[in-house]
Amino acid sequence: MNFFQKTLNWLVPSSPTDALTRILFAWRLWLVGAVLGALVAGMAYAIAPPPYRAQATIVVDNNLEEAWQYFPDRQLFYFLERESRKLEAVAWDDQTLEQVAAQVGDTTPEELRTNSLKISHPAEGGWRFLAEDTDKARAKQIAAAWAEAFISEARAGVEVSDELEDARAELRQLLSAGKPDLDAVEVVTSEIAQLTEATAGISPYIELDLNQTKGIPAARTVSTGIYLLAGSLVGALLLGLMALFILKPEDQDDTGV
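Quick note on numbering: the numbering used here labels position 207 of the sequence shown as 207, and the sequence is numbered without any gaps.
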């Protein structure tokens, strides 16, 4: 019997029950497996740690009450989703990423889009611009540059449609009457919806505010605790499986508790 089998026999006490039941109740086996797994995970974290992730936050306000008067909620959600898609397209546009690449250096828009950048946002509220890099300071620099470039390009892409603004003014005038003509209101709202579909630019009613310009937070994409926990679980399971398949029936009575 080799050393490894002797060690497993010590970790798994003898019992008249079957091998699987022995292993399930072998607390020493699970403890040693968890400790070994955590040690290996800790070494892996120290040798090849995960990259840093920095986050820049932009507050997006679509001013729905001002831009879309007298529209039902379902249409408001449609307008909101449409404007969000346009803003997201600006965030990933080549022109936006070229500004980021020029500012941080030693990268390209393709590399940023593929390896470094992520965006997380609701339709309205705080949009999180996330940048990953092995260097903490550089991750912060990329996130800040992306957020600033996004705001610059989004504001440059604002399109004011005279026809759309005239229709909005007409709608406000109709709604200001004591008893608005509902048929006329329906005609104008339908016109507004059609003009909105034809407008490709960013709505002038959208407000963008960079929430942080300094002190952008950055942390590892995976914490040490997650590494150690995962390593402990994997180590315990692997040692348990090894014991299940390596221990021989004749070994079961060699060692007591």
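We put the beta carbon where it would ideally sit given N, CA and C, even for glycine.
Leaving out the 5 sequence neighbours to the left and right, which residues in its chain are closer than 8 Å to residue i when beta-carbon positions are compared?
i, result
"GLU110", "none"
"ALA34", "SER232, LEU233, GLY235 and ALA236"
"ALA145", "GLN99, VAL100, GLN103 and VAL104"
"GLU66", "TYR205"
Leaving out the 5 sequence neighbours to the left and right, which residues in its chain are closer than 6 Å to residue i when beta-carbon positions are compared?
i, result
"LEU237", "none"
"GLU207", "ASP61"
"LEU76", "LEU64 and TRP68"
"VAL185", "LEU174"
"THR134", "PRO51"
"PRO217", "GLN55"
"ASN258", "Absent from the model: residue 258. The displayed extent of the chain is 1 to 257, so no value can be given."
Measuring CA to CA, which of the options is closest to residue i?
i, options, result
"ARG82", "GLY235, SER232, LEU233 and ALA193", "ALA193"
"ALA101", "PHE79, ALA67 and ALA147", "ALA147"
"ILE202", "GLY125, GLY105, ALA218 and VAL90", "VAL90"
"PRO204", "LYS86, PRO50 and ALA41", "LYS86"
"ALA143", "GLN173, PHE129, ALA154 and ASP135", "PHE129"
"ALA56", "ARG220, THR21, GLY126 and THR96", "GLY126"
"PRO50", "LEU229, THR224 and ALA230", "THR224"
"ARG155", "PRO72, THR96, PHE79 and ARG172", "THR96"
"ALA200", "PHE79, ALA44 and VAL40", "PHE79"
"PRO122", "LEU31, SER84, ARG138 and PHE71", "SER84"
"ASP93", "VAL40, GLY157 and TYR45", "GLY157"
"ARG172", "LYS118, PHE71, ALA41 and ALA26", "PHE71"
"ALA137", "SER120, PHE25, VAL32 and LYS214", "LYS214"
I'd like the list of long-range same chain contacts for residue i, defined as Cβ closer than 7 Å, with 5 residues on each side in sequence excluded.
i, result
"LEU259", "Outside the modelled stretch of the chain, which goes from 1 to 257, sits residue 259, for which no answer is possible."
"ASP106", "none"
Residue i and residue j: beta carbons closer than 8 Å?
i, j, result
"PHE150", "ILE47", "no"
"GLU124", "ASP61", "yes"
"LYS140", "ALA38", "no"
"ALA230", "TYR52", "no"
If I'm right that residue i touches residue j with Cβ under 8 Å, what's the distance once you round it to whole angstroms?
i, j, result
"ARG69", "LEU175", "In the sequence under discussion, the amino acid at residue 69 is Gln, which differs from the Arg named in the question. Sure, about 6 Å apart at Cβ, within 8 Å."
"GLU132", "THR221", "6 Å"
"LEU228", "ALA41", "5 Å"
For residue i, verify whether its CB is less than 7 Å away from any heavy atom of the ligand SAH.
i, result
"GLN194", "Here there are no bound small molecules, and the ligand SAH is not part of this structure."
Stretch-stretch touch, CB-based, cutoff 8 Å, three pairs: the segment 191-205 with the segment 158-173: yes
Stretch-stretch touch, CB-based, cutoff 8 Å, three pairs: the segment 154-162 with the segment 112-121: no
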